[in-house]
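Below: the structure, in structure tokens.
In our numbering, the protein residues as written are 30 to 138.
This is the structure:
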């Protein structure tokens with residue numbers, strides 16, 4: 030995740046996912062969200078790919094569950110997603126594919 034293409038095997042070490050699930054609170058206005066949401070990742074298309082994704086992200090998910098009560102980062106991600114969905118129609122009309130892509134990625138996460 031982040032500004033590059035991501036592979037399933039790289040997810041447990043991904044710096045952006047570590048920050049999201051870490052102990053530091055991230056404001057919904059932080060530029061971090063643009064960085065986190067700028068990734069290319071093929072969505073799983075089979076149950077075996079989904080299982081690999083789940084296995085690769087279990088440590089990130091556990092950290093998020095443990096730290097989120099203090100950081101509120103999941104709530105911040107939801108706020109980022111909701112603020113972007115309000116702009117989707119205009120983005121589509123202006124053919125702002127980056128904004129649409131990042132909104133899709135927020136939902137994927």
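Ideal placement from N, C-alpha and C gives every residue a C-beta, glycine not left out.
- Exposure of residue 94 is indicated by the presence of fewer than 16 other C-beta atoms within 10 angstroms of its C-beta.
- If you ignore the 5 residues before and after residue 61, its C-beta comes within less than 6 Å of the C-beta of 55, all in its own chain and listed in chain order.
- As the crow flies, the alpha-carbon of residue 92 is around 16 Å from that of residue 82.
- By a beta-carbon distance limit of 8 Å, residue 85 contacts residue 38. Their separation comes to about 7 Å.
- In the same chain as residue 116, and ignoring 5 residues on each side of it, the C-beta atoms closer than 7 Å to its own belong to 128, in chain order.
- The beta carbon of residue 110 sits closer than 8 Å to the beta carbons of 132, 135 and 136 from its chain, once the five residues preceding and following it are set aside; these are given in chain order.
- When rounded, the separation of the alpha-carbon atoms in residue 67 and residue 100 is 22 Å.
- The three-state reading of DSSP puts residue 39 in helix, counting H, G and I together.
- In summary, residue 121 is exposed, with fewer than 16 beta-carbon neighbours lying within 10 Å of its beta-carbon over all protein chains present.
- Just measuring C-alpha positions, the residue of 42, 36, 89 and 50 sitting nearest residue 105 is 50.
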